[in-house]
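**Q**
Numbering (our numbering), first residue to last: 5 to 338.
(1) Can you grab the Cα-Cα spacing for the pair residue 244 / residue 260, in whole Å?
(2) Whole angstroms is fine: what's the gap from residue 313's alpha carbon to residue 216's?
(3) Just confirm the distance between the C-beta atoms of residue 58 and residue 65, as a whole number of angstroms; I'd bet it's less than 8 Å.
(4) Based on the DSSP secondary-structure assignment, which residues constitute the bridge partners of residue 64?
(5) Whole angstroms are fine: how far does the CA of residue 140 sit from the CA of residue 268?
(6) Straight-line CA distance for residue 306 to residue 110?
(7) Hey, could you find the ends of the beta strand (DSSP E) residue 82 is sitting in?
(8) Could you compute how far the alpha carbon of residue 350 sits from the alpha carbon of residue 214?
(9) Comparing alpha-carbon positions, which option in 294, 152, 235, 282 lies nearest residue 7?
(10) For residue 62, count neighbouring Cβ atoms within 10 angstroms of its own Cβ and tell me buried if that reaches 16, exposed if not.
(11) Could you give the DSSP three-state label for residue 249: helix, strand or coil?
(12) Exposed or buried, what is residue 181 when buried is set at 16 or more other beta-carbons lying within 10 Å of its beta-carbon?
(13) According to DSSP, is residue 71 helix, strand or coil?
(14) Note down the Cα distance separating residue 89 from residue 218, rounded to an integer number of angstroms.
(15) Is the beta carbon of residue 194 closer than 9 Å to that of residue 252?
(16) For a test of the three-state rule: what should DSSP assign to residue 256, helix, strand or coil?
(17) Which residues does DSSP pair with residue 186 in a beta bridge?
(18) CA-CA distance, residue 374 and residue 258?
(19) Express the C-alpha separation of residue 226 and residue 157 in angstroms, rounding to a whole number.
(20) Give the straight-line distance between the Cα atoms of residue 187 and residue 179, rounded to the nearest whole angstrom.
(21) If you compare alpha carbons, which of 135, 103, 78, 278 is closest to residue 185?
(22) Span of the beta strand (DSSP E) holding residue 278?
What follows is the structure in structure tokens.
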């Protein structure tokens, strides 16, 4: 493996302060939050951040809105869902994915604190996201958002939820968003064969065993994982969905299914572009102040700007980039 140097440094920093991974979810969530603080990205002076509460079934969820200060007109919005395997993550663990988008597009970023498994398995997280999306459209005027210019996206588990949202909106006969942005997302939650169990060496980043564990927290019955709202790659028909940007890392165990989903979208005549980030592990480009973080954010912002301007044509032509090489990776042991 040839891993990008900033990712190597982040892995070293995490390892230096690491504690053995706990099966206690409260502790595991605290460990995850501490790790994500290494990639913190507070808002710049051009962005204001507000907190909101959205009523959902059996309670409330929090929503954080990152918005350009003093815009002259209503702004587009990027409805964003954090990662964490449907089990980890909150409004404080995705700053590096919210602030840059709000500044670069510019647009509002509406970040949703959906409820987590295993306490709240499928379909609760997806239902929370759909409810929050309806809330956004209903309150667009007071939020200073143009309800006709809203994109949906997410990272990892959040990307899965974003793809599922587009399918659910189509099922309900509701309009599609301007764009779906699917970063490092899983598209098939049926159990994956574990190469480490078959004798292959372990690799840094997300492992297949960990992914399978997260998936079973979200969907306890493996048989239910064939539901397209859980595993969008299992959908028989992807036609009529929003244009898509699919971003995946070279060394992500989810890479093949992400690229299969990209191909399936294109086969269904959905305008779709893909970025394979070379030298990176699952979600590795979130490390701030690196070339890759900047480039991926710029391309994500470019896709959003085109979507909001109505200039996405054909298969996102001119195509954004199908393969992205950044800095020269440092050779790593196989």
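Glycine included, each C-beta is placed from N, C-alpha and C at the ideal position.
**A** Result, derived from the coordinates:
(1) About 23 Å.
(2) Residue 216 has its alpha-carbon roughly 39 Å from the corresponding atom of residue 313.
(3) Indeed, because the Cβ distance is near 5 Å, the residues count as touching under 8 Å.
(4) In the DSSP output, where bridge partners are listed per residue, residue 64 has 59.
(5) Counting only the Cα atoms, residue 140 lies some 29 Å from residue 268.
(6) When rounded, the distance between both Cα atoms is 10 Å.
(7) From DSSP, the beta strand (DSSP E) with residue 82 extends over 79-85.
(8) With the chain covering 5 to 338 only, the question about residue 350 has no answer from this structure.
(9) Minimum Cα distance to residue 7 is reached at 282.
(10) Result: exposed.
(11) Looking at residue 249 - three-state DSSP - the assignment turns out to be strand.
(12) Here residue 181 is buried. Its C-beta has 16 or more other C-beta atoms within 10 Å.
(13) Judged by DSSP in its simplified three-state form, residue 71 adopts strand.
(14) Going from the Cα of residue 89 to the Cα of residue 218 covers about 5 Å.
(15) No, the Cβ-Cβ distance between residue 252 and residue 194 is not below 9 Å.
(16) Note: residue 256 maps to coil in three-state DSSP.
(17) Its beta-bridge partners are 158, 250.
(18) There is no way to answer for residue 374, as the model of the chain reaches only from 5 to 338.
(19) When the Cα atoms are used, residue 157 and residue 226 turn out to be separated by approximately 25 Å.
(20) Taken atom to atom, the span from the alpha-carbon of residue 187 to that of residue 179 is near 22 Å.
(21) With distances taken between Cα atoms, residue 185 lies closest to 278.
(22) Counting along the chain, the beta strand (DSSP E) containing residue 278 begins and ends at 276-281.
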